[in-house]
Amino acid sequence: MTILGEFALWISLPVAAWGMILGYAGGRTQRGDLVLSAERSIYAVFGLLLLASAGVSAAFLGDRFEYWYVASYSNANLELFYKVTGLWAGQRGSLLFWALLLGFFASITVFTNRQKNREFMPYVAGVLQSILLFFIVVLLFADVNPFERLDFTPADGQGLNPQLQNYWMTIHPPTLYLGFTSFTIPFAFAIAALLNGRLDARWIQLTRRWILTSWFFLSVGIVFGMRWAYEELGWGGYWFWDPVENASLLPWLTATAFLHSIQIQENRGMLKVWNMSLVLMTFLLTIFATFLTRSGLIESVHSFAQELKIAYIFLSFMGGVLATCVILIVYRLPQLRSENQIESFLSRESAFLFNNLLLLGAAFSVMWGTMFPLISEGVTGQEISVGPPFFEKVNLPIGIVLLALVGIGPVIAWRRATKRNLQRNFATPVIVGLVTAAGLWIGGARHELALVTWSVSAFVLTIIFTEFWKGTRARARIEGEGYALAFFHLVSRNRRRWGGYIVHVGFVMMCIAFAGAAYNTDNRFNVQPGDVVEVTSPFGHTYQLTYEGLSVSIGRGQRNLLWQAIATVSVAQNGDPKGILTTEKRQYTNRNTQPMTEVGIRSILREDLYLILSALNDTNGALNNQPGAQGIDLQVLIKPLVNWIWIGCFMLAIGTVIALWPSVDRRRLPGGEKTSEREAALAGAD
Amino acid sequence: MTLYLGVALVAAAVVLFIIQPVAKGIHASLEREDDEMTDTEARKRVALLALRDVEYDFLAGKLDEEDYRSLKSELTAEALAALEADDAAKSAEGAAPADFDVDLEAEIAAIRQGLRDGAACPDCSYTNEAGSRFCSACGRALGELAAR
Amino acid sequence: MKNNGRFMVGLVGVAAVVTYLIWTGVSETMVYYVTPVELMEKVEADPTFHDVGVKVGGRVVPGSYARVEGELLHVFTVHDLVDESATFRVEYRDALPDTFTDEVEVVLEGRLREDGVFEATTLLTKCGSRYEAAPEDLAGAGAEHPSGY
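Residue numbers (the working numbering), protein chains in the order written: chain A, 1 to 686; chain B, 687 to 834; chain C, 835 to 983.
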């Protein structure tokens, strides 16, 4: 099976090349036979990549350690779950996995459009095939072939790094990859539009759902990574401005900007060149993200590999794509002229444009902060380090202004807002924001940035709540419905708008949570069994923590665990017993490292109580159950509001799903089920 | 041995699959189908949706009357232009002007009627009886007598 | 057009603010990343450099690690990656990362005190290919490894 998979990968190379050439040729010559062959090539490449991926998985499941990739990321004792997901455990398999997902989305696109949008599809197929070809070439020729074999067969594999053996870490890469690869579809349609000359909002309308879907996976994927870092890395943090984290943030920032600016093109026929540039930039950033994490260019705690050949290949590809797209855009400049003007500073167009500029400003600063050390070293020879202080200094102010725009944008009028319009819609929210600021100040909060964030959040939430309220009430009055029904109908009749509002609510929740980090507490204790320590939460209550003791278990190599030392702590809040938390040290057999730490977390809506077993006073003594060797270093963190990150992400996800939901029940329209998509859209559906 | 046979089969199947259209002259459709929305229809749809949004915003109390009137006249002019452009495009193609936006236009017409009769209060959205001069819920003056 | 003019102003304005933030951000938070040899040279050339926060990359000298009893204090010696005779002692008052072992490559942030000891505020371990193994390593895979600290 594995060898079949390897051959399948080789076969996919000429097939992809064939499909690419025929796609462009078919579009140019308008020959249906070429186009059909090109479309079939897409299915074929997907099938072959599926075979190749199955081959890799078979190697994992069969403990085939003669394959370097399997030996590096698995061993005989590894849990089945991690063998199955071993395909994306490391660099090589990840690249194959990426190609597989791209092939999957490409096949869906070609299939659903086999009778539609025929002016676009030949070129779309060509573009998708070009990108697939690139990944296949990388896999086969850049020393990153997952099918590479060793000269010998090791008795056992190295096993998987224990920090990667965590639920979140297993779903985080695939989710992100789903986001990266699905964004290729809008990009392909944009290029197709540049090639076939249909430069109005059509390519945007066609790919709107793809754009939202991609954004959904990007957002959720990034938050999964945050959850993994929070639970598994054991420092209590969820974001470190690490180059790999930044690499995934960059396309998210530009995709968010794009999501908003396309509405301006749809409604007012403006920003056509801007949108073309944004879709190109986002696509390049998704490739850049792969490049950054796979080429060892940035040395970080995250970096996976150090291969230079692959760096050259990626850079050439990105350069080629950039040059081609710029040429195409310049060529089509006359047809990309705006149909309208921005009429006023105070307008929705202006707010959206401002939003875009801020998001791009943030992206630029993140890019700069990540790459500057490299550039500086290249130019001056002096190595410089740029860390979290820089990123926070620049991005926190930008973030706060963006947060304000989240409230302003949806409510300010199109074209030009009059003073009355502003007063009517913003007077109350501004007052609420100021009252919140005053209230927090009186309550003792003094951290300026957090105060501002929370006040602006109150402003935004007031606006969104009022929108829902006014809309529901209007509908209830007009249609004579009860409020609950009115609300449901309100949202379902305009899912894009109201789903968007829900996404915004989620985003605001996350901002509120981020600001809570200003009040994190950190205490360290050295305790013996029976000791009680007390920590105070910023919310005023106290926790009494009783270190009950250490329980040690010596494993027999099952799940690669050599030994575990579990510290048990009883938790009481204001004297009220609340249960038990454990935190542990685990030594794995397959890694020559210090024992890994598993933290203990107790979550309530307001905050997390986060316990870390930093060190055993006497490891050997503890493992031998010597009395008196049970002392530990215990670190106790309190993380106010942190759970609103996950809750907010959930809201964000729900809002996106609502916005994505296909909205019209065609049976209700004249013509019944024969009503086509076009008729439905004309009848006011989204 | 069976392995190489398997590989050969896969390769052959793939090649046949993708070569067949060219070899046998099977064509994918390249025509724009009837079902696709044209540019003029798309513009018409955007214009009508904008009008609908304005009506709802006014009823929800987000726009005051002066803003509403000026926006509405602007958008109505644009919608009319879009409708005419679409009709022109269609008669150029020889097709009869379609009338699919029944739902949307009927809705707008009903709202306009309600407002014209002075029935829906711009402030609190209460639906008054036709011909009322003052809103029964909030007391605002309705219709032509509304003070600015 | 007059309107476009206004918008260019707005665009330039935003770009200017962002640039300003980045500029001051970098200059205020940037940290020199040096080797032990470079650090000691800088300090000799300019004694005020004792107060400058820097980032230093080196390797832990085997056997030099000790944990001070009763305090949250770790001490060890770090040598330059190239010139192994260039060393200094390090004091670190925080929890050690799980990946800290004998002879591990480290990245420290902090300052070199007048007494020649480096006071570290941050400690990161650099495990180059920690997620991947060279083929040679794989030949010995499967053997039991001793437990850590």
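Note that CB positions come from ideal geometry on N, CA and C, so glycine has one too.
Alpha-carbon to alpha-carbon, residue j and residue i
| i | j | result |
| --- | --- | --- |
| Gln564 of chain A | Val941 of chain C | 29 Å |
| Pro538 of chain A | Asn617 of chain A | 30 Å |
| Leu915 of chain C | Thr869 of chain C | 8 Å |
| Phe141 of chain A | Phe514 of chain A | 44 Å |
| Ala782 of chain B | Ala774 of chain B | In this prediction, Ala782 of chain B has a pLDDT of 48, which is less than 50 and means its spatial position is unreliable; what the coordinates show is noted afterwards. Looking at the two C-alpha atoms, the distance is approximately 10 Å. |
| Asp997 of chain C | Glu953 of chain C | Limits of chain C in this structure are 835 at one end and 983 at the other, which puts residue 997 of chain C out of reach. |
| Leu353 of chain A | Thr254 of chain A | 13 Å |
| Thr762 of chain B | Leu36 of chain A | 45 Å |
| Val723 of chain A | Leu284 of chain A | Absent from the structure is residue 723 of chain A, since the part of chain A shown begins at 1 and ends at 686. |
| Tyr809 of chain C | Ala71 of chain A | Lying before the first or after the last residue shown, residue 809 of chain C is absent from chain C, which here runs from 835 to 983. |
| Pro162 of chain A | Thr589 of chain A | 10 Å |
| Ser376 of chain A | Val865 of chain C | 12 Å |
| Arg475 of chain A | Leu490 of chain A | 7 Å |
| Tyr43 of chain A | Thr109 of chain A | 10 Å |
| Gly499 of chain A | Thr213 of chain A | 13 Å |
| Gly444 of chain A | Ala736 of chain B | 47 Å |
Neighbour-count burial assignment, residue i, 16 or more Cβ in a 10 Å radius
| i | result |
| --- | --- |
| Glu978 of chain C | Summary for Glu978 of chain C: the model assigns pLDDT 28, below 50, so the residue's position carries little reliability; its value from the coordinates is reported in the next sentence. Exposed, since its Cβ has fewer than 16 Cβ neighbours within 10 Å. |
| Leu434 of chain A | exposed |
| Lys419 of chain A | exposed |
| Ala850 of chain C | exposed |
| Lys889 of chain C | buried |
| Pro931 of chain C | buried |
| Glu39 of chain A | buried |
| Tyr501 of chain A | buried |
Chain A contact residues for residue i, given Cβ-Cβ distances below 8 Å
| i | result |
| --- | --- |
| Leu737 of chain B | Result: empty, since nearest Cβ-Cβ is about 11 Å, beyond 8 Å. |
| Thr863 of chain C | Val386, Gly387, Pro389, Phe390, Lys393 |
| Val877 of chain C | What Val877 of chain C touches in chain A: nothing, since even the nearest Cβ is about 16 Å away. |
Given residue i as reference, the closest of the options once Cα atoms are compared
| i | options | result |
| --- | --- | --- |
| Tyr899 of chain C | C:His884, C:Val924, C:Val890, C:Pro931 | C:Val924 |
| Val56 of chain A | A:Tyr67, A:Gly47, A:Phe46 | A:Tyr67 |
| Glu6 of chain A | A:Leu22, A:Leu49, A:Gly23, A:Tyr24 | A:Leu49 |
| Thr290 of chain A | A:Pro173, A:Ile654, A:Arg40, A:Thr436 | A:Pro173 |
| Ile262 of chain A | A:Ala44, A:Ala622, A:Trp168, A:Met276 | A:Met276 |
| Thr546 of chain A | A:Asn395, A:Ala351, A:Pro577, A:Met281 | A:Pro577 |
| Thr911 of chain C | C:Gly950, C:Lys960, C:Asp928 | C:Gly950 |
| Ser359 of chain A | A:Glu607, A:Phe345, A:Val386, A:Leu405 | Before going further, note that residue 359 of chain A is Leu rather than Ser in the sequence given. Among A:Glu607, A:Phe345, A:Val386, A:Leu405, the Cα nearest to that of Leu359 of chain A belongs to A:Leu405. |
| Glu764 of chain B | A:Thr583, A:Asn340, A:Thr436, A:Phe390 | A:Asn340 |
| Leu51 of chain A | A:Ala25, A:Ser72, A:Ala99, A:Trp644 | A:Ala99 |
| Ile327 of chain A | A:Asn77, A:Leu315, A:Val273 | A:Val273 |
| Val503 of chain A | A:Ala486, A:Ser570, A:Gly655 | A:Gly655 |
Residue span of the alpha helix (DSSP H) that contains residue i, given as start and end
| i | result |
| --- | --- |
| Asn560 of chain A | No alpha helix (DSSP H) contains Asn560 of chain A, which DSSP labels as neither H nor E. |
| Asp739 of chain B | 725-745 |
| Val491 of chain A | 483-493 |
| Tyr43 of chain A | 32-61 |
| Arg268 of chain A | 243-268 |
| Arg202 of chain A | 202-232 |
| Ser898 of chain C | Neither: Ser898 of chain C is in no alpha helix (DSSP H) and is coded neither H nor E. |
Under 9 Å from the C-beta of residue i: neighbouring residues of chain C
| i | result |
| --- | --- |
| Arg415 of chain A | Within 9 Å Cβ-Cβ: nothing; Arg415 of chain A doesn't reach chain C, min ~12 Å. |
| Arg524 of chain A | Leu906, Asp928, Ala929 |
| Ser347 of chain A | Residues of chain C passing the Cβ test: none, with the nearest at roughly 11 Å. |
Under 7 Å by beta carbon: chain A residues contacting residue i
| i | result |
| --- | --- |
| Tyr742 of chain B | Ala474 |
| Lys889 of chain C | Ser385 |
| Asp773 of chain B | Correct list: empty, because the minimum Cβ distance to chain A is about 14 Å. |
| Gly859 of chain C | Phe390, Lys393, Val394 |
| Ser759 of chain B | Going along chain A, no residue has its Cβ under 7 Å from Ser759 of chain B, so there is no contact; the nearest lies around 13 Å. |
| Leu689 of chain B | Ile3, Leu4 |
| Ala698 of chain B | By Cβ distance, chain A contributes nothing, its closest Cβ being about 10 Å from Ala698 of chain B, past 7 Å. |
Contacts that residue i makes with chain B (C-beta to C-beta distance below 8 Å)
| i | result |
| --- | --- |
| Arg420 of chain A | Asp750, Glu752, Asp753 |
| Glu266 of chain A | Val732 |
Span of the beta strand (DSSP E) around residue i
| i | result |
| --- | --- |
| Leu581 of chain A | 576-588 |
| Asn523 of chain A | 521-527 |
Chain-ordered neighbours of residue i on chain B, where CB pairs are closer than 7 Å
| i | result |
| --- | --- |
| Asp33 of chain A | Pro707, Val708, Gly711, Ile712, His713 |
| Glu39 of chain A | Ala714 |
Neighbouring residues, chain C, relative to residue i (Cβ below 7 Å)
| i | result |
| --- | --- |
| Ser614 of chain A | Ala929 |
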